[in-house]
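Chemist: In the UniProt record's numbering, the protein residues as written are 1 to 102.
#1: Say whether the stretch 58–67 touches the stretch 83–97, bearing in mind that this needs 3 or more beta-carbon pairs closer than 8 Å, one atom from each stretch.
#2: Would residue 69 be called buried (16 or more neighbouring beta carbons within 10 Å of its own) or exposed?
#3: Going straight from the alpha carbon of residue 80 to that of residue 66, what length do you get?
#4: What does the alpha-carbon distance come out to for the pair residue 12 and residue 54?
#5: Looking only at its own chain, which residues have a Cβ that is under 8 Å from the Cβ of residue 77, when we skip the five neighbours before and after it?
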């Protein structure tokens, strides 16, 4: 700090001090953020299982309302494979159920 205080030009000295303060603030922010993020990641991974995709959630809803209609082997994260006999009933249920609105 003595080097900054020894600058004779008042404008240059104030700019140098402002830059020093800004650099200290940025360093404090970057050192504080990883620890807070690490804590939140650790607590989130311990307390909650991996979130389900919307397709997996809808597959669970369909399976609870219409047993044996969802083909688990052919379904994945990106799509739901249904038995063809009940597809119209399932579509009407999904259309009318308020929990399935998005």
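Think of the CB as a built atom: it goes at the ideal place given N, C-alpha and C, for glycine as much as any other residue. Here the structure is a predicted model, which is why all the values come from computation and not from measurement.
Modeler: Let me lay it out:
#1: Segments in contact, yes.
#2: Residue 69 should be labelled buried.
#3: Those two C-alpha atoms are separated by around 13 Å.
#4: So the alpha carbons of these two residues sit roughly 58 Å apart.
#5: Taking C-beta separations shorter than 8 Å and ignoring five residues to either side along the sequence, the partners of residue 77 in its chain run 53, 55 and 56, following chain order.
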